[in-house]
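Undergrad: Just so we're aligned, residue 1 is where the sequence shown starts under the UniProt record's numbering, counting upward by one.
Backbone N, C-alpha and C fix where the C-beta goes; we use that ideal spot for every residue, glycine too.
Note that the structure is predicted; figures quoted are calculated from it, not measured.
Before I ask anything, here is the structure I am working with.
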Amino acid sequence: MESNRRAPGWAGPLIGLVSCAAALGVSLAAAGLVRASAFPVVAVGDAAVDLAPAGAKEFAIRVFGENDKNVLVAGILVVLAAIAAAIGTLALRDLRYGTAGLAAFGVVGVSAALTRPDAGVLDAVPTLAGMVAGIVTLRLLTGRALRGPAPTTSGEGAAIDRRGLLIGAAGGLALAGVSGVIGQALTSGRSAVSAARASLRLPGPATPLPPIPAGADLRIKGLSPFVTPNADFYRVDTALVLPQVDPRSWTLRIHGMVDRPVELTFADLLKRPVVEADVTLCCVSNDVGGPYVGNARWLGADLAGVLRDAGVHRDADMLLSTSADGWTCGTPVDVVLDGRDALLAFAMNGEALPFAHGFPVRQVVPGLYGYVSATKWVTDIKVTRFDRDEAYWTPRGWAPKGPVKTESRIDLPRDGADLPAGRTVIAGVAWAQHKGIDAVEVRIDRGPWRQARLAQAPTADTWRQWVVDDWDATPGEHTIEVRATDATGYTQTAERAPVGPDGATGWHTVDVRVT
Ligand SMILES: Nc1nc2c(c(=O)[nH]1)N[C@H]1C(S)=C(S)[C@@H](COP(=O)(O)O)O[C@H]1N2
Ligand SMILES: [Mo]
Numbered sequence: 001m002e003s004n005r006r007a008p009g010w011a012g013p014l015i016g017l018v019s020c021a022a023a024l025g026v027s028l029a030a031a032g033l034v035r036a037s038a039f040p041v042v043a044v045g046d047a048a049v050d051l052a053p054a055g056a057k058e059f060a061i062r063v064f065g066e067n068d069k070n071v072l073v074a075g076i077l078v079v080l081a082a083i084a085a086a087i088g089t090l091a092l093r094d095l096r097y098g099t100a101g102l103a104a105f106g107v108v109g110v111s112a113a114l115t116r117p118d119a120g121v122l123d124a125v126p127t128l129a130g131m132v133a134g135i136v137t138l139r140l141l142t143g144r145a146l147r148g149p150a151p152t153t154s155g156e157g158a159a160i161d162r163r164g165l166l167i168g169a170a171g172g173l174a175l176a177g178v179s180g181v182i183g184q185a186l187t188s189g190r191s192a193v194s195a196a197r198a199s200l201r202l203p204g205p206a207t208p209l210p211p212i213p214a215g216a217d218l219r220i221k222g223l224s225p226f227v228t229p230n231a232d233f234y235r236v237d238t239a240l241v242l243p244q245v246d247p248r249s250w251t252l253r254i255h256g257m258v259d260r261p262v263e264l265t266f267a268d269l270l271k272r273p274v275v276e277a278d279v280t281l282c283c284v285s286n287d288v289g290g291p292y293v294g295n296a297r298w299l300g301a302d303l304a305g306v307l308r309d310a311g312v313h314r315d316a317d318m319l320l321s322t323s324a325d326g327w328t329c330g331t332p333v334d335v336v337l338d339g340r341d342a343l344l345a346f347a348m349n350g351e352a353l354p355f356a357h358g359f360p361v362r363q364v365v366p367g368l369y370g371y372v373s374a375t376k377w378v379t380d381i382k383v384t385r386f387d388r389d390e391a392y393w394t395p396r397g398w399a400p401k402g403p404v405k406t407e408s409r410i411d412l413p414r415d416g417a418d419l420p421a422g423r424t425v426i427a428g429v430a431w432a433q434h435k436g437i438d439a440v441e442v443r444i445d446r447g448p449w450r451q452a453r454l455a456q457a458p459t460a461d462t463w464r465q466w467v468v469d470d471w472d473a474t475p476g477e478h479t480i481e482v483r484a485t486d487a488t489g490y491t492q493t494a495e496r497a498p499v500g501p502d503g504a505t506g507w508h509t510v511d512v513r514v515t
């Protein structure tokens, strides 16, 4: 058609963006009915997370911190918008191009949705529904636009029906908005599972732990509290939308190299002897001085007991656990069976696990980094061997086994702080889970090491607060360094190692200016 060549530049992008918005709104509504992670933006994002090259996790965490997922989704939406604008422009020229463009989106979305490890055929529905809505909207809008008056020979006047197009676009946006709101309500309306969580009555531990000793928390403002409140606990995982696992239908299968494969329901789990344990969890991606470490009082079933009941074969050395969303984790069997408090945890600091921390059940194993021990939303444990199976992060360049490295961190003063001269408190935390911290030393401007005073720690499985409260800060720039010694006698090396492949090393160092 000739007329469309005179369509104003904004018409094509407008048509494309509105069609794309309608497609996303309708697919979100459909995802609300199927499941949230089948929303194509999420499915594509999840696939991108899994396909990302080794080192990408490290990069994303370093640059974006706990916002890494939002940044990824925003990035996908920006790319989507750019392509949508191009598709609309093409559609005004020839509708077949536009339709083909949207269909190509559909293929990408369906492929991503169907190749997720936990996918079923229904997961294609949200993308397909969105694609149909997008194509119909695209056709209607181009149709309306091109119904405009014939162009004048002078080339002036409306070559497209602006009014018709704008009314159509408003309609398309209304469709996007209404279906998007419905979809948002359905996908975040985790009401059934939330209600199940709220109504859980958790059993008490067989042998309750004594309350946390008062001496474990020095109560210094700015120092990490001994117990990290759930709301402040770091979160690291590959899930773009939190798995919604109903405890009433949850089961945990234990199989592989065992005499008696078992499948436990949540009720079965609660009937087992309940163990309470204070355990500090940390991430292998936590750089020296970083925030990905937290301490909680966990409640759960004893994982070793569950394994003994199943009868683990002598030659098995790995537990390959899988989460409801298909993430996998490889944990050394000998570590879990050596008598430490390895848990199938269902509560954290006195409440059912928060959704972000693995509701209804997660693993907790003191002494191992989270990526090899702390499977959230766990549903399956295959007893196997490290030479037969690989967990999620191993082919992505992370060590198959990940014992925690002894670490210490300065919380106070903050790096880059401006301080008044005089007596200044230096304080922080140190951890060497399942070994225990024996000493922490601090030095200023590479001077002599001074012993920090250690807070109490109820067991060797938690971090330990420390403080130096007699530093007389003099005006000028100062460098403060810390190093810890664990109960095996090992003192942290000064040598800087990056987080990959098996955890960072080096002394945390902060620079301050005293005036
Ligand atoms: N299902 C699932 N569990 C997971 C992960 C994950 O990506 N998926 N990440 C692990 C990693 S790398 C860490 S450090 C801990 C973090 O636990 P948190 O988010 O409760 O602090 O969870 C572990 N469990
Ligand atoms: Mo981690």
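Closer than 7 angstroms to a non-hydrogen atom of ligand 1 - does that hold for the CB of A417?
TA: No, the beta carbon of A417 sits no closer than 7 angstroms to any heavy atom of ligand 1.
Undergrad: Does the segment 208-222 come into contact with the segment 443-459, if we say contact requires no fewer than three beta-carbon pairs (one atom in each stretch) closer than 8 angstroms?
TA: Yes, the segment 208-222 touches the segment 443-459.
Undergrad: Terminal residues of the continuous beta strand (DSSP E) containing K382?
TA: Element bounds for K382: 378-384.
Undergrad: Does D445 get closer than 8 angstroms to chain C when you measure Cβ to Cβ?
TA: This model lacks chain C altogether, as it is built from one protein chain only.
Undergrad: With a CB to CB cut of under 7 angstroms and the five nearest residues on each side skipped, what residues in its chain are close to P117?
TA: Hits under 7 angstroms: G326.
Undergrad: Consult DSSP for Q184 and reduce its assignment to one of helix, strand or coil.
TA: Helix at Q184.
Undergrad: Give me, in chain order, the residues of the same chain whose beta-carbon lies closer than 6 angstroms to that of L269; leave out the 5 immediate sequence neighbours on both sides.
TA: Once the five neighbours on either side are set aside, the close Cβ partners of L269 are A301.
Undergrad: So, is G45 buried or exposed, given that buried needs 16 or more other C-beta atoms within 10 angstroms?
TA: It counts as buried.
Undergrad: Ordered along the chain, which non-local residues of its own chain (more than five positions away) have a Cβ less than 6 angstroms from that of D469?
TA: If we look at D469 and ignore the five residues flanking it on each side, its Cβ neighbours are V425.
Undergrad: Relative to ligand 2, is the shortest distance from any of its heavy atoms to the C-beta of G370 smaller than 7 angstroms?
TA: Yes.
Undergrad: What is the rounded straight-line gap between the Cα of F59 and the Cα of L72?
TA: Whole-angstrom Cα-Cα distance: 12 angstroms.
Undergrad: For G500, which residues from the same chain have a beta carbon less than 7 angstroms from its beta carbon, with the 5 sequence-adjacent residues on both sides left out?
TA: These residues qualify, in order along the chain: G55, E58, G397, W398.
Undergrad: Look at the alpha carbon of L218 and the alpha carbon of H478, and state the distance between them as a whole number of angstroms.
TA: For L218 and H478, the distance between alpha carbons rounds to 25 angstroms.
Undergrad: Using a Cβ-based criterion (distance less than 7 angstroms to any ligand heavy atom), does S323 qualify as near ligand 1?
TA: The answer is yes for S323.
Undergrad: Nearest by alpha-carbon distance to T238: which of W393, A473, T474 is it?
TA: Closest option to T238, Cα to Cα, is W393.
Undergrad: Please confirm whether S298 and A267 have their CB atoms less than 8 angstroms apart.
TA: In the sequence as displayed, the identity of residue 298 is Trp instead of Ser. Taking 8 angstroms as the Cβ cut-off, W298 and A267 do not qualify as a contacting pair.
Undergrad: Between K405 and ligand 1, is the CB less than 7 angstroms from at least one heavy atom?
TA: No, the Cβ of K405 stays beyond 7 angstroms of every heavy atom of ligand 1.
Undergrad: May I ask you to report which of helix, strand or coil DSSP gives T515?
TA: In this structure, T515 counts as coil in the three-state DSSP scheme.
Undergrad: Output the boundary residues of the alpha helix (DSSP H) element that contains A113.
TA: First-last of the alpha helix (DSSP H) with A113: 95-115.
Undergrad: With a cut-off of 8 angstroms on the beta carbons, I'd call G16 and A86 a contact; round off their distance for me.
TA: Indeed, because the Cβ distance is near 7 angstroms, the residues count as touching under 8 angstroms.
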